[in-house]
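Peer 1:
Residue numbers (the numbering used here), protein chains in the order written: chain G, 1 to 630; chain P, 1001 to 1630.
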């Protein structure tokens, strides 16, 4: 399908917005009126620039407060419209978005509104313009798509149709299935926006918090499926008002936007396959060509996590790994990379990452996630189609070919063949025996990598959600806000619980603070275990004391849980925190910070606990601040 | 009255919060439970620190979801409470905040809730603790203060009273006048918070957007007046959840908080005077001592605005002033400061401000506002009592004594004696005749300084509102959000329309962008006039071309206004913008940017127009960006 984006979704001047949309690969744009008014380019010049960039102008918007007015106002509104039709001729755009009247004075009389919109369509005819009437969620009289369609049907003019906007429909909880009953040729335009679920005034929600499909909480696949089932064949067009996107690099936002439509089309295409003929609506409907991506990735878990550390921190990382029961088993055949293993859990420790000291000032960081997938070649093809930058790796020709792409925060995501350990070709690159004096771990009840926590750059938090969702097939949860001593942190988990693949993305709510400087904030690798006390004891005995949790925490635990005094005392000794949800329980502790931004966590899940101990995060962050202040 | 602040209102560790509260001059604190849990200090140590700082601990909070539960849960909740009572003994605090049950499972049975709260008070008695029951705005069964009072009255226990929180009451639109009917001795605690009017879920509104009294949209003076009329004699305590305060310097936030209570007490004290005995409630009520500040300032308008400019920009400022009809009339007797006058409108041009090149990188800026007031000595005393830092000015002993204090963004605010120009002592310092070759203005229809627009540091926007409100007696309007090409800008006007004293404060919504770097964003001085076309023509003929507004703007004006083609063409030629509200009209144009961040605006108000042309601000900001890109 054709893909379009409203200029209001991007930052910059109109010219910058057009260039960014074209560079990302969009077919067209909606011109947002204020962007044109603010531009020094006359409309004909805008048209010429768009043409030279290969962009069509699919919509001019918005035209406000037209219908449901008294007769004198109608004449003035028609004059106002006529001036816009002339402008649209110059601009080379044939569809005008007319949104439902939001003024207090709007008259609630469908026949009047229909007659007035009919007049508007008549007036538009000589200009070759058609009218797409949209029900704003906050329209005074008309705020529901079904209502806007009844009026358009009553007006019955070939140049009058409706515009559907997913936000206006889904934010109100309207059932979009009724869209299937609207003739596709009367749906003149489709605007798509997702949004996080928020309990707030719909106008403010709409103007500040929209995001691209797949980044929020709405089901855009189902929504768009209804519109296609109705027979809509126009562009998929993104209209996203977002405070962060308005202030971010427009080229990058446009690429993110296009990715969201690729994912949406791919999902729609797969749904159509699945539905087959039986679910097709009766009557002949036009079919549209949907972008099909390589098959979704089937991850089977973490193959490894790579940590890069300068020598000053590497020793602390090694000590922590050994104390947690990891063993330094092998070295890379050609690079200063150590393989540390605990059963099939693997951590790579890289002391030569070329980005060290460049991308971030911290001297230890998780720089790569190795994801085991059933089809590494397919995975990288899908990721590249999703605009993930491929990461070239300098390697000698004998080394295994291992595909990696860059996540939005720069973390490398490697696709490793799933299967038995020794069959993994990448492991074959680790042939050097561990050097003399290598650290050997103890027997600890670790079970694998539970999750990885990554602090994100402020501008790319939504982008990262969509990246992991679309590239790795993870499902994002709703965001939480957690209080650090220096400000709030937003946290969002993405999970694939069936294969125990979990990532937690964190971002500073104000985009600043000790945890959100240019170096990026804290990162951690959480290891699952089957016995939190044994794991903690082993780490202690291995010479690494846990992050110290205040006694006050344990006094509070005593007041609100049934944990025995002995258990609590045991927990206090080892800095073990506790959370509970339903019948599930969660025990976890942390290593100290290892080099400014990296730490390990050890977690034990009991009884189906599926969270991350978020209630304890403020105490962990405060304890880390106290530790670093020492 | 005693003044207190909840630790959750400030950033940092518990220790940092206590020190900040004490440094600002608070008498006590509410300890927010999570702050204690996160602290490495045992409760006795916290008590000792507070005592050494001269702070009492007035409240421990919150204790959640206690009442309206089944019998088994009641027993567990009482155990939970008992642990907190023991903690409170160590902490040395005698009042526990119990907020109404917010769980889905809460039972709606007042008799049960009353009986359970009675049990709680009985349990608290041996510990010397009393219970302050608060209706959360989102309480499941109890969410209104009148309801919480009915339950407390029914429970009828001397150790059980209510806690009133202005946010929970005013956010729901409840009438606070009923508070007068509650016996004062049963109001155990009073929490104060203001908030901007927002249409959003009350829980989110409460947790992120509260602010200090006088910074938001609630009438805290009337609210607190009701509580005092009821006979409340406890502390005035601030409990403010605010995303920015949570991430800002706690010492500065605490000072701002204390200022808000001084202003509140002063206003209450004046209301009591005004009300006299007749408005006093029947029956003997305890009286409380309210802080009384020097009388509010009676400004009569702008005496001057001072611009500091490095030589590279000063010439452009001089050219603009001359073109606008100002005349360089005199020089300062001892400093390189020029006096430019147009009638009684005065601009000082300072080429020696010592802050130049230090505070900001821009090379021209409005550094001082001269405010004419009836009682300059009283004004500075009031400002200093409101914690405004006095600004010493190096001057030779013969110079006039001119008081200045620093606004939160560093702008100097001078209090000048109101009256005739030549009687102004500060003008007497300008004795040197203008040098040869001085610029002489032309006759332009300027009428005075209409307003000054100041970009604010992100952290101190609310502080600035309260500063200008309390120090100059300006009334803040609601904030607007305006789209610049690089992100949203929040704008808030503070006005004293009776004396035409207006200030517009602006801030980047994300705290960044070209207009919000360390140098501060754009500033402007808006001059009123009685004939916008004559003023524009004079400026053009004076050799200064206006900020160029795109032709597209005038095409849009043609579509939506009745302005004649000749008028529009005239406006286009001079870059004049237009706004309309009711019968009022607003015409305005801008000079180019004079040195990176400073520009002038000329405005004409017709028919009672009272705004600032905010609808045009996005186009102005886009035009400035285009100008600077050249």
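Built from N, CA and C at the ideal position, the CB exists for glycine as well.
#1: Just to make sure I have the definition right: I need the residues of chain P whose C-beta is within less than 8 Å of the C-beta of residue 293 (chain G). Which are they?
#2: Report yes or no: is there a C-beta of chain P within less than 8 Å of the C-beta of residue 209 (chain G)?
#3: Grab me the residues of residue 1294 (chain P)'s own chain with a C-beta within less than 7 Å of its C-beta, minus the 5 sequence neighbours each way, in chain order.
#4: Using beta-carbon positions only, say whether residue 496 (chain G) and residue 479 (chain G) come within less than 8 Å of one another.
#5: Under 8 Å by Cβ, that's how I've got residue 1138 (chain P) and residue 1220 (chain P) pegged, so tell me the actual separation to the nearest angstrom.
#6: Check whether the stretch 167 to 181 of chain G touches the stretch 120 to 130 of chain G, counting contact only when three or more Cβ pairs, one atom from each stretch, lie closer than 8 Å.
#7: From what residue to what residue does the beta strand (DSSP E) around residue 586 (chain G) run?
#8: Name the chain G residues whose beta carbon is nearer than 9 Å to that of residue 1060 (chain P)?
#9: Roughly how many angstroms separate the alpha carbons of residue 518 (chain G) and residue 1311 (chain P), rounded to a whole number?
#10: Less than 6 Å between C-beta atoms, sequence neighbours within five positions excluded: which residues of the same chain meet that for residue 1101 (chain P)?
#11: Put residue 1166 (chain P) into one of helix, strand or coil per three-state DSSP.
#12: On the DSSP letters alone, give me the boundaries of the alpha helix (DSSP H) that residue 226 (chain G) sits inside.
#13: When we look at the beta-carbon of residue 1582 (chain P) and count the other beta-carbons within 10 Å, is it buried (16 or more) or exposed?
#14: Is the Cβ-Cβ distance between residue 1606 (chain P) and residue 1627 (chain P) less than 8 Å?
#15: Starting from residue 1081 (chain P), trace the alpha helix (DSSP H) in both directions and tell me its first and last residue.
#16: Cα-Cα, which of P:1569, P:1194, P:1179 is closest to residue 1009 (chain P)?
#17: At a Cβ threshold of 8 Å, is residue 489 (chain G) touching chain P?
#18: Residue 551 (chain G) CB to nearest chain P CB: under 8 Å?
#19: Indicate whether the contact test is met: 3 or more Cβ pairs, each with one atom in the stretch 1312 to 1319 of chain P and one in the stretch 1588 to 1601 of chain P, closer than 8 Å.
#20: CB-CB under 7 Å to residue 460 (chain G), same chain, minus the five flanking residues each way: which ones, in chain order?
#21: Would you please state the rounded distance, in angstroms, between the beta carbons of residue 33 (chain G) and residue 61 (chain G)? I believe it to be under 8 Å.
#22: In the DSSP assignment, what are the bridge partners of residue 347 (chain G)?
#23: DSSP three-state label for residue 487 (chain G), please.
#24: Look at the Cβ atom of residue 18 (chain G), then the Cβ atom of residue 59 (chain G), and state whether they are nearer than 8 Å.
#25: Residue 1216 (chain P) CB to nearest chain G CB: under 8 Å?
#26: Taking 8 Å as the CB-CB cut-off, is residue 1509 (chain P) touching chain G?
#27: Could you please give the first and the last residue of the uninterrupted alpha helix (DSSP H) stretch that includes residue 1212 (chain P)?
#28: 8 Å is my cut-off, CB to CB: does residue 166 (chain G) come that close to chain P?
#29: Closer than 7 Å by C-beta to residue 568 (chain G): which residues in its own chain qualify, once you throw out the five before and the five after it? Chain order, please.
#30: In three-state terms, what does DSSP make of residue 1360 (chain P)?
#31: Beta-carbon within less than 6 Å of residue 336 (chain G)'s beta-carbon, same chain only, minus the 5 sequence neighbours each way: which residues are those?
#32: What is the DSSP secondary structure of residue 29 (chain G), counted as helix, strand or coil?
#33: Helix, strand or coil: how does DSSP classify residue 601 (chain G) here?
#34: Chain G beta carbons: is any one of them nearer than 8 Å to that of residue 1638 (chain P)?
#35: Less than 8 Å between the beta carbons of residue 268 (chain G) and residue 290 (chain G), yes or no?
#36: Quick one: grab the DSSP three-state call for residue 1239 (chain P).
Peer 2: According to the data block:
#1: For the purposes of this step, residue 293 (chain G) is taken as residue 293 along the first chain, with counting starting at 1. In chain order: nothing, as chain P lies at least about 33 Å away.
#2: Mapped onto the first chain, residue 209 (chain G) falls at position 209. No - not a single Cβ of chain P is within 8 Å of the one on residue 209 (chain G).
#3: Reading the second chain from its first residue, position 294 is the one you call residue 1294 (chain P). For residue 1294 (chain P), where only same-chain residues beyond five positions count, the Cβ hits under 7 Å are 1378, 1381, 1382, 1385.
#4: Your numbering for residue 496 (chain G) matches position 496 in the first chain. Your numbering for residue 479 (chain G) matches position 479 in the first chain. Going by C-beta atoms, residue 496 (chain G) is not nearer than 8 Å to residue 479 (chain G).
#5: Taking the first residue of the second chain as position 1, residue 1138 (chain P) is located at position 138. Taking the first residue of the second chain as position 1, residue 1220 (chain P) is located at position 220. Their Cβ separation, rounded to whole angstroms, is 21 Å, which puts residue 1138 (chain P) and residue 1220 (chain P) out of contact at 8 Å.
#6: No: the two stretches stay apart, fewer than three of their Cβ pairs being nearer than 8 Å.
#7: Taking the first residue of the first chain as position 1, residue 586 (chain G) is located at position 586. Unbroken beta strand (DSSP E) run through residue 586 (chain G): 584 to 590.
#8: As a working note, residue 1060 (chain P) is residue 60 in the second chain. Chain G residues near residue 1060 (chain P): none, gap ~12 Å exceeds 9 Å.
#9: Counting from 1 along the first chain, the entry for residue 518 (chain G) is found at position 518. Counting from 1 along the second chain, the entry for residue 1311 (chain P) is found at position 311. Legend: pLDDT at residue 518 (chain G) = 46, less than 50; position of this residue unreliable, no value from coordinates given.
#10: Residue mapping note: residue 1101 (chain P) aligns to position 101 of the second chain, counting from 1. These residues qualify, in order along the chain: 1065, 1067, 1068, 1140.
#11: Sequence index remark: in the second chain, residue 1166 (chain P) carries index 166 (1-based). DSSP places residue 1166 (chain P) in helix when its eight states are reduced to three.
#12: The count along the first chain starts at 1 and reaches residue 226 (chain G) at position 226. Segment 220 to 229, the alpha helix (DSSP H) holding residue 226 (chain G).
#13: Taking the first residue of the second chain as 1, we reach residue 1582 (chain P) at position 582. Residue environment analysis places residue 1582 (chain P) among the exposed positions, since fewer than 16 neighbouring C-beta atoms fall within 10 angstroms of its C-beta.
#14: Along the second chain, read from residue 1 onward, the residue named residue 1606 (chain P) stands at position 606. Along the second chain, read from residue 1 onward, the residue named residue 1627 (chain P) stands at position 627. Cβ atoms of residue 1606 (chain P) and residue 1627 (chain P): not closer than 8 Å.
#15: Translated into the one-based positions of the second chain, residue 1081 (chain P) becomes position 81. That run of the alpha helix (DSSP H) goes 1071 to 1091.
#16: Here residue 1009 (chain P) corresponds to residue number 9 of the second chain, with the count starting at 1. Answer by Cα proximity: P:1194.
#17: The count along the first chain starts at 1 and reaches residue 489 (chain G) at position 489. False, the Cβ-Cβ gap to chain P never drops below 8 Å.
#18: Walking along the first chain from the start, residue 551 (chain G) turns up at place 551. At least one chain P Cβ lies under 8 Å of residue 551 (chain G).
#19: Yes, since at least three Cβ pairs between the stretch 1312 to 1319 of chain P and the stretch 1588 to 1601 of chain P fall closer than 8 Å, the two stretches touch.
#20: As a position in the first chain, residue 460 (chain G) is number 460, starting the count at 1. Excluding residues within five positions, the ones whose Cβ falls inside 7 Å are 408, 409.
#21: Here residue 33 (chain G) refers to the residue found at position 33 of the first chain. Here residue 61 (chain G) refers to the residue found at position 61 of the first chain. 7 Å between Cβ atoms; contact.
#22: Sequence index remark: in the first chain, residue 347 (chain G) carries index 347 (1-based). As computed with DSSP, residue 347 (chain G) is found in a beta bridge with G:305, G:340.
#23: Counting from one through the first chain, the residue named residue 487 (chain G) turns up at place 487. DSSP places residue 487 (chain G) in strand when its eight states are reduced to three.
#24: Within the first chain, numbered from 1, the residue matching residue 18 (chain G) stands at position 18. Within the first chain, numbered from 1, the residue matching residue 59 (chain G) stands at position 59. Cβ distance not < 8 Å, so residue 18 (chain G) and residue 59 (chain G) don't count as in contact.
#25: If you number the second chain from 1, residue 1216 (chain P) lands on position 216. Interface criterion not met: the Cβ of residue 1216 (chain P) is under 8 Å from no Cβ in chain G.
#26: Counted from its first residue, the second chain places residue 1509 (chain P) at position 509. Chain G contact via Cβ: present.
#27: The sequence position of residue 1212 (chain P) within the second chain is 212, counting from 1. Per DSSP, residue 1212 (chain P) belongs to no alpha helix (DSSP H) and is neither H nor E.
#28: On the first chain, residue 166 (chain G) is found 166 positions in, with the first residue counted as 1. Taking Cβ atoms only, chain P never reaches closer than 8 Å to residue 166 (chain G), which makes this a no.
#29: For the purposes of this step, residue 568 (chain G) is identified with residue 568 of the first chain, where counting begins at 1. Closer than 7 Å at the Cβ level, and outside the excluded window around residue 568 (chain G), lie 554, 557, 558.
#30: If you number the second chain from 1, residue 1360 (chain P) lands on position 360. Any reading at residue 1360 (chain P) needs caution, since the residue's pLDDT is 42, under 50, leaving its predicted position unreliable; the model's value is listed next. Reduced to three states, the DSSP call for residue 1360 (chain P) is strand.
#31: Along the first chain, read from residue 1 onward, the residue named residue 336 (chain G) stands at position 336. Within the same chain, residue 336 (chain G) has close Cβ partners 351, 352.
#32: The sequence position of residue 29 (chain G) within the first chain is 29, counting from 1. Three-state DSSP puts residue 29 (chain G) in a strand.
#33: By 1-based counting over the first chain, the position of residue 601 (chain G) is 601. In the structure shown, residue 601 (chain G) sits in a strand (DSSP, three-state: E or B).
#34: The structure shown does not extend to residue 1638 (chain P), since chain P spans only 1001 to 1630, so no value can be given for it.
#35: As a position in the first chain, residue 268 (chain G) is number 268, starting the count at 1. As a position in the first chain, residue 290 (chain G) is number 290, starting the count at 1. Cβ distance < 8 Å, so residue 268 (chain G) and residue 290 (chain G) count as in contact.
#36: On the second chain, residue 1239 (chain P) is found 239 positions in, with the first residue counted as 1. Coil at residue 1239 (chain P), not helix or strand.
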